[in-house]
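Undergrad: My questions all concern the structure below.
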Amino acid sequence: MRIGLIVNPNSGLGGAVGLKGTDGPDTVAEALRRGATPQAGPRARIALERLAARVPGAGLTIAPGPLGADWAEGLALDLRVLPPREITGTARDT
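Counting with this note's numbering, you get residues -16 to 77 for the letters of the sequence shown.
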């Protein structure tokens, strides 16, 4: 089994603090200024921990850095990390 995963690190930031989404760096900055805390990455980590516990060695093709690989480090999964590129955290990345 091989799974592909891309995490949008900005997902959910805006709604948590009364903004309508987080498209664009200015909106992300405003959400963080209002006290939003990133949830997508930590939630992805929980899901990956559960996957690794149930299917050790499962194949995972994953985006680099905060778009995925950061959240899979150290787990019993067969990781294939996509080549690095500039990560802006915008819709263009995901």
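Just so you know, even glycine gets a beta-carbon here, dropped at the ideal spot from N, CA and C.
Exposed or buried, what is V11 when buried is set at 16 or more other beta-carbons lying within 10 Å of its beta-carbon?
TA: It counts as buried.
Undergrad: Where does G(-13) sit, in a helix, a strand or coil, going by DSSP?
TA: Here G(-13) sits in strand by DSSP.
Undergrad: In angstroms, rounded to a whole number, what distance separates the CA positions of G40 and A14?
TA: So the alpha carbons of these two residues sit roughly 37 Å apart.
Undergrad: Using 8 Å as the Cβ pair cut-off and three pairs as the minimum, do the stretch -5 to 5 and the stretch 13 to 28 touch?
TA: Touching, yes, given that three or more Cβ pairs across the two stretches are closer than 8 Å.
Undergrad: I think P67 touches P49, with their Cβ atoms under 8 Å apart; what is that distance to the nearest whole Å?
TA: Contact doesn't hold; Cβ gap of about 12 Å is too wide.
Undergrad: What is the C-beta distance between L80 and A55, in whole angstroms, given that I count them as a contact (C-beta under 8 Å)?
TA: Not covered by the structure: residue 80. The range shown for the chain is -16 to 77.
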